[in-house]
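Asks:
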Amino acid sequence: MSTVFIALQANEETRPIIEAIEIDNPLAVVNRQPAMVKIDAPNRLVIRKETIEEQIGREFDLQELHINLITLGGNVTEDDDSLTLSWAE
Amino acid sequence: MQIDLRTVSIQPLRQTFDHLARRFGDKPASRYQEGSYDIQAAENLHYKPTWDPDQELYDAKITKIVMQDWYALKDPRQFYYSTYTLARARQQDATESNFSFVESRGLADMLPPAVREMALKLLVPLRHAAWGANQNNTLICGYGYSTIFTQPCMYHAMDNLGIAQYLSRLGLLLGDTEALDEGKAAWLEGSAWQPLRRYVEDTLVLRDPFEAFVAQNVALDGLLYPLVYARIVDDYLSAQGGSAVAMLTQFMTDWFDETKKWVDAVLKVAAAESDSNRAVLQDWIRAWSTRAASALLPVVEIALGAQADDAVGEQLADFRVRIQKTGITL
Amino acid sequence: MDMKVAKKKLGLKEKYRLMTRDLGWEPTYRAKDEVFPYVNYEGIKVHDWDKWEDPFRLTMDSYWKYQAEKERKFYAIIDAHAQNNGHLNITDARYLSALKIFLQAISPGEYAAHKGFARVGREFPGVGTQVACQMQAIDEIRHAQTQIHALSNYNKYYDGFHAFADARDRIWYTSVARSFFDDAMSAGPFEFMIAIGFSFEYVLTNLLFVPFMSGAAYNGDMATVTFGFSAQSDEARHMTLGLECIKFMLEQDPDNLPIVQGWLDKWFWRGFRVLGLVSTMMDYMLPKRVMSWREAWEIYGVENGGALFKDLARYGIRPPKGWDDAEKAIDHMSHQFMLGLYQWSFGTSFHSWIPSDEDMDWLSAKYPTTFDKYYRPRWDHIRKLAAAGTPFKNFGLAKLCQTCQLPVVFTEPDDATMSCHRETEYKGEKYHFCSDGCQHIFDNEPEKYVQAWLPMPSLFQELDGDIGAWMNWVSLRDGEDNGDYSGSRDQRNFDQWRGMATSNT
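Sequence lines, in order, name chains G, H and S.
FYI, the numbering for the first sequence is 1 to 89, going by UniProt numbering.
FYI, the numbering for the second sequence is 1 to 330, going by UniProt numbering.
FYI, the numbering for the third sequence is 1 to 505, going by UniProt numbering.
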């Protein structure tokens, strides 16, 4: 097992994104640090557009993630509806 | 130590960095100055490039242009990353509205078929020429000397890419993916496009960054943009009921007006530096603009037919007047 | 009117393909070698550039839009920071040493990366690769500029920042970072990508930025937090590019594996040495500490690096050669660096100091197996000398490693009482190294590393060992920029200003 992770700036814009990640990734662990939230997950973490949209009540373009993204670890797979981080198992 | 707080006020120790104080005096520097002057390594470079051991890692001698201070080539727009990005984001916003206006009102379908056909035939292959421009400006940024000269080239390169992408979107909106395929086939094989493609490929082998600047930004784009976007799209096609097309290329028109001020400023300072610079620039501009004009002729013919000759001739005359103002006589 | 044929719905990937790689073409009027002259000499074989997977598919319109949003946020905070004397919110002006090192050594590296990525953004024959590199090129100039802009206000009030451009080319310790970037830029395009795109960005950048920025947040430095996190948001794209690049090379041809592995070995060690200064910053320079260098290494080195190399094992990649030596150095390096910086503080454009009792207790707790045994006694001794009015200063010539350019201050990986020193003789000249890693790098490319400009020998040859002349030459103001923090102008001013800001008297 390897850990994938994503770190986002801690602010109002990322709050619903983090909630959406928690909903979609029951195994994810959220670490809150000053100014930064780091989310770790075993092997795989998925961020879904639809879940974020449910949290914020408007359309969300996954590329908006770039504004508040701090760093990540894992191979990135991106399509219209989701962004996935993974390590080969 | 005894400190009497009542007599102390927070006075800055200095107004700016040493290297800026040497150039401009000890006064608060602009963000353009802070982000642009002397930030490229200048001495005690460690290793020679393995890709060309005759060059230095940052080498002012790989061009025929000689400047005592390369930081003299100031960008009148004073673009650093932030001001550049904010300017383009505003234009992007306007372009986006234009695209959605055309799209939502079905204006593309209301274009006279001949106009639409012509727009596709003329504009879509130009996305490849814009890619060529991107290559050249990336090269100038990578190998040119001094941030003042090279950073606008990086911005220019990204603009060239943006323009290639707007032209692709235009093709998708007025045609579909087939329009892009046809445009590429024309670029690769269509007889009207071969002189231009040859011109672009010939610029891609240039390794003198300043010559690439002249061949691309001065000569080719100095003729292509006013001919295609001003004369043909804004004037000719609009008169035929094609103003929707002009909405989609408004970015290019505005962009050319803005960027030519920078291009002219660079020429002016480089030419004023010395007679030998002026002579080199004169030779380059003369040779490349003559070639560019003849390469563009068959492209202009796509729209203007028999009037193309006059249009290109007039444009070349305007171009000469423009260059004359930079102190270079053609 | 409704007869029109519905347009094809294009997915993100297909749309991006049309917007980027479809723009390119195979030249026919000129030979491909003329257009891309540098792509073959390193021996990397690429059969199909179209197999390149684009990392993050941003077209220029989205790029402008999102980057502008980041810029607006960034400059709003920087402006407020300057207007409200934000510099007085930091915990203590000692903290600024970390920023001074950053501006003198790392920001120029951002600029070098900008130039390097512009070059490879032109030299690779694949459009997808070129576009990704070009975006990184423009991002990197952003980073250099936002850093200078964020630190500009500190320069107005504190010493050590004012001559960063001179220090970049002349002072001895910046040569560590610049030789690293010069090394990468003088390599071919593929090696550059492994050096900066992969090793530096993917393997090491988290160790630099994340603890650095968390440190800034803990120490009340909003300007640095802001530029750091704003830069990091681009870094996520850069890291993805670096990872894609190594996978692409490995997938294209099995012959690429040994070349790539060799570069990985080299650039991991080069990067590890450069980032060593971060260890000192984390363990010594933050008045309020976030985590120790050891703890940061556990998260970003062991855990993430481990996951990465496990993932790459499917291509036959093994962890870099110096990995075990790095692990052995973790509990020692910050102490060795700080001891070095303290004794040579006459020649640094930032302050160092003797750690307090409280600092030392923290260090013992974080480094239970090494600090009390090896380093506390040395600090105690140095403190006694300072108390006796004879502070420990070394004006001697520091022997620098020919490869990484750090003073040879490290110990043997398996014996912390033995100073580590290696020598190679090449064409009748002796060259010195700080470690096996650096010696191997030299031995693989001696013709390159004999060219290195070594700042200390140059000083003694050209300036006859005249320290005053040297200080003028590097624009270091003696008694202001250098020396012990205790008693410095920075300390006096900060305490005074902070007093004014927090009281009415």
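A virtual CB, placed ideally from N, CA and C, is assigned to each residue, including glycine.
Values in this document were obtained by computation on a predicted structure and should not be read as measured data.
Whose C-alpha, out of H:Gln40, H:Ala293, H:Ser289, is nearest the C-alpha of aspartate 141 of chain H?
Replies: Here residue 141 of chain H corresponds to residue number 141 of the second sequence, with the count starting at 1. Residue identity check: residue 141 of chain H is cysteine in the sequence provided, not aspartate. Residue H:Gln40 is the option with its Cα nearest to cysteine 141 of chain H.
Asks: Find the residues of chain H that neighbour tryptophan 453 of chain S, judging by a C-beta separation of less than 8 Å, and give them in chain order.
Replies: Position 453 of the third sequence, counted from the start, is the residue given in the question as residue 453 of chain S. Asn44, Leu45, His46, listed in chain order.
Asks: Could you have a look at serine 352 of chain S and say whether DSSP puts it in helix, strand or coil?
Replies: Counted from its first residue, the third sequence places residue 352 of chain S at position 352. Reduced to three states, the DSSP call for serine 352 of chain S is strand.
Asks: Compute the distance between the beta-carbons of glycine 132 of chain H and threonine 63 of chain H, then report whether it is under 8 Å.
Replies: Here residue 132 of chain H refers to the residue found at position 132 when the second sequence is read from its first residue. Here residue 63 of chain H refers to the residue found at position 63 when the second sequence is read from its first residue. Taking 8 Å as the Cβ cut-off, glycine 132 of chain H and threonine 63 of chain H do not qualify as a contacting pair.
Asks: Just to check my reading of the structure: leucine 58 of chain S and leucine 99 of chain S have Cβ atoms closer than 8 Å, yes? What is that Cβ distance to the nearest angstrom?
Replies: Within the third sequence, the letter at position 58 stands for residue 58 of chain S. Within the third sequence, the letter at position 99 stands for residue 99 of chain S. 31 Å between Cβ atoms; not a contact.
Asks: Does the ligand ZN have even one heavy atom less than 7 Å from the beta-carbon of methionine 249 of chain S?
Replies: This structure lacks the ligand ZN, and indeed carries no ligand of any kind.
Asks: For valine 76 of chain G, decide whether its Cβ has a neighbour in chain C, counting only Cβ atoms nearer than 8 Å.
Replies: Although the question refers to chain C, the structure presented lacks it and instead comprises the protein chains G, H and S.
Asks: Taking C-beta pairs closer than 7 Å, name the residues in chain H that serine 152 of chain S reaches, listed in chain order.
Replies: The count along the third sequence starts at 1 and reaches residue 152 of chain S at position 152. The answer, in chain order, is Glu34.
Asks: Closer than 8 Å is the cut-off here; do at least three beta carbon pairs connect the stretch 30-46 of chain G with the stretch 8-21 of chain G?
Replies: With a cut-off of 8 Å, the stretch 8-21 of chain G and the stretch 30-46 of chain G count as touching, because enough Cβ pairs lie within range.
Asks: Could you give the distance in angstroms between the alpha-carbon of aspartate 4 of chain H and the alpha-carbon of tyrosine 157 of chain S?
Replies: The residue labelled residue 4 of chain H in the question sits at position 4 within the second sequence. The residue labelled residue 157 of chain S in the question sits at position 157 within the third sequence. In this prediction, aspartate 4 of chain H has a pLDDT of 40, which is less than 50 and means its spatial position is unreliable; nothing more can be read from the coordinates.
Asks: Helix or strand or just coil, what does DSSP make of proline 287 of chain S?
Replies: Taking the third sequence and counting its residues from 1, the one referred to as residue 287 of chain S is at position 287. In the structure shown, proline 287 of chain S sits in coil (DSSP, three-state: anything other than H, G, I, E or B).
Asks: With DSSP as the reference, label arginine 318 of chain S as helix, strand or coil.
Replies: For the purposes of this step, residue 318 of chain S is taken as residue 318 along the third sequence, with counting starting at 1. Correct three-state label for arginine 318 of chain S: coil.
Asks: Considering only the beta carbon of each residue, do glutamate 269 of chain S and isoleucine 441 of chain S sit closer than 8 Å?
Replies: Position 269 of the third sequence, counting from 1, holds the residue named residue 269 of chain S. Position 441 of the third sequence, counting from 1, holds the residue named residue 441 of chain S. Glutamate is not the amino acid found at residue 269 of chain S; the sequence shown has tryptophan there. Cβ distance < 8 Å, so tryptophan 269 of chain S and isoleucine 441 of chain S count as in contact.
Asks: Let's test the definition: count the other Cβ atoms within 10 Å of the Cβ of methionine 1 of chain H and tell me whether it reaches 16, buried, or not, exposed.
Replies: Position 1 of the second sequence, counting from 1, holds the residue named residue 1 of chain H. Annotation note: pLDDT 37 at methionine 1 of chain H (below 50); position unreliable, coordinate value reported separately. Exposed is the call here.
Asks: 8 Å is my cut-off, CB to CB: does asparagine 68 of chain G come that close to chain S?
Replies: By 1-based counting over the first sequence, the position of residue 68 of chain G is 68. Judged by the 8 Å Cβ criterion, asparagine 68 of chain G is in contact with chain S.
Asks: My assumption, with CB atoms under 8 Å, is that glycine 228 of chain S sits in contact with methionine 239 of chain S. Please give the rounded CB distance.
Replies: Reading the third sequence from its first residue, position 228 is the one you call residue 228 of chain S. Reading the third sequence from its first residue, position 239 is the one you call residue 239 of chain S. About 15 Å; that fails the 8 Å criterion.
Asks: Between glycine 24 of chain S and the rest of its own chain, which residues show a CB-CB distance below 6 Å, the 5 nearest in sequence each way excluded?
Replies: Mapped onto the third sequence, residue 24 of chain S falls at position 24. So the list reads Val127, once near-sequence residues are dropped.
Asks: Verify the CB distance criterion: does asparagine 304 of chain S have a CB-CB separation below 8 Å to chain G?
Replies: Taking the third sequence and counting its residues from 1, one reaches residue 304 of chain S at position 304. Yes, because at least one Cβ of chain G sits closer than 8 Å to the Cβ of asparagine 304 of chain S.
Asks: With distances taken from CA atoms, which of S:Ala132, S:Arg168, S:Pro258, S:Val203 is nearest glutamate 42 of chain S?
Replies: Locating residue 42 of chain S in the third sequence gives position 42, where the first residue counts as 1. Per the Cα distances, S:Pro258.
Asks: In terms of alpha-carbon separation, which member of S:Tyr284, S:Asp311, S:Tyr342, S:Arg94 lies closest to isoleucine 246 of chain S?
Replies: Translated into positions along the third sequence, residue 246 of chain S becomes position 246. With distances taken between Cα atoms, isoleucine 246 of chain S lies closest to S:Asp311.
Asks: Can you name the residues that DSSP bridges to arginine 77 of chain H?
Replies: Reading the second sequence from its first residue, position 77 is the one you call residue 77 of chain H. Paired residues: none, contrary to the question.
Asks: Please report whether the beta-carbon of phenylalanine 162 of chain S lies at a distance below 8 Å from any beta-carbon of chain H.
Replies: If you number the third sequence from 1, residue 162 of chain S lands on position 162. For clarity, residue 162 of chain S is histidine in the given sequence; the question names phenylalanine instead. Yes, because at least one Cβ of chain H sits closer than 8 Å to the Cβ of histidine 162 of chain S.
Asks: For aspartate 318 of chain H, which of helix, strand or coil comes out of DSSP?
Replies: Taking the second sequence and counting its residues from 1, the one referred to as residue 318 of chain H is at position 318. Three-state result, aspartate 318 of chain H: helix.
Asks: Report yes if the C-beta distance between phenylalanine 180 of chain S and valine 260 of chain S is below 8 Å; otherwise report no.
Replies: Position 180 of the third sequence, counted from the first residue, corresponds to residue 180 of chain S. Position 260 of the third sequence, counted from the first residue, corresponds to residue 260 of chain S. No.
Asks: Less than 8 Å separating the beta-carbons of isoleucine 171 of chain S and valine 409 of chain S?
Replies: Numbered from its first residue, the third sequence carries residue 171 of chain S at position 171. Numbered from its first residue, the third sequence carries residue 409 of chain S at position 409. Contact flag unset, no.
Asks: From what residue to what residue does the alpha helix (DSSP H) around proline 16 of chain G run?
Replies: Numbered from 1 along the first sequence, position 16 holds the residue referred to as residue 16 of chain G. It spans 15-24 - the alpha helix (DSSP H) in which proline 16 of chain G sits, taken as one unbroken run.
Asks: Out of G:Ile70, G:Asp24, G:Leu65, state which residue places its alpha-carbon closest to the alpha-carbon of proline 211 of chain S.
Replies: Translated into the one-based positions of the third sequence, residue 211 of chain S becomes position 211. It is G:Ile70.
Asks: Name the residue from H:Lys27, H:Gln250, H:Val300 whose alpha carbon lies nearest to the alpha carbon of arginine 90 of chain H.
Replies: As a first step, residue 90 of chain H is located in the second sequence; it is residue number 90 there, counting from the start. The shortest C-alpha separation from arginine 90 of chain H is found at H:Gln250.
Asks: Between the alpha carbons of serine 243 of chain H and methionine 118 of chain H, how many angstroms are there, rounded?
Replies: The sequence position of residue 243 of chain H within the second sequence is 243, counting from 1. The sequence position of residue 118 of chain H within the second sequence is 118, counting from 1. Using only the alpha carbons, I get a separation of about 13 Å.
Asks: Excluding the five sequence neighbours on either side, which residues of its own chain have a C-beta within less than 6 Å of the C-beta of aspartate 264 of chain H, listed in chain order?
Replies: Along the second sequence, one-based indexing puts residue 264 of chain H at 264. Only Thr326 meet the Cβ criterion.
Asks: In three-state DSSP terms, what is leucine 76 of chain G?
Replies: Looking up residue 76 of chain G in the first sequence gives position 76. As written in the sequence, residue 76 of chain G is valine, which differs from the leucine given in the question. Three-state DSSP puts valine 76 of chain G in a strand.
Asks: What residue from H:Arg320, H:Asp181, H:Ile302, H:Leu111 has the CA that sits closest to alanine 287 of chain H's CA?
Replies: In the second sequence, residue 287 of chain H corresponds to position 287, counting from 1. It is H:Arg320 whose Cα lies nearest to the Cα of alanine 287 of chain H.
Asks: So, with DSSP's three-state summary, where would you put glutamate 235 of chain S?
Replies: On the third sequence, residue 235 of chain S is found 235 positions in, with the first residue counted as 1. Helix, per DSSP.
Asks: Counting only the same chain and skipping the five closest in sequence on each side, list residues whose C-beta sits under 6 Å from that of leucine 363 of chain S.
Replies: For the purposes of this step, residue 363 of chain S is taken as residue 363 along the third sequence, with counting starting at 1. Answer for leucine 363 of chain S: Phe371, listed in chain order.
Asks: For arginine 90 of chain H, name the three-state secondary structure that DSSP assigns.
Replies: Mapped onto the second sequence, residue 90 of chain H falls at position 90. Three-state result, arginine 90 of chain H: helix.
Asks: Please state if the CB of aspartate 443 of chain S and the CB of tyrosine 47 of chain H are separated by a distance shorter than 8 Å.
Replies: Numbered from 1 along the second sequence, position 47 holds the residue referred to as residue 47 of chain H. Numbered from 1 along the third sequence, position 443 holds the residue referred to as residue 443 of chain S. Not in contact: tyrosine 47 of chain H and aspartate 443 of chain S (Cβ atoms no closer than 8 Å).
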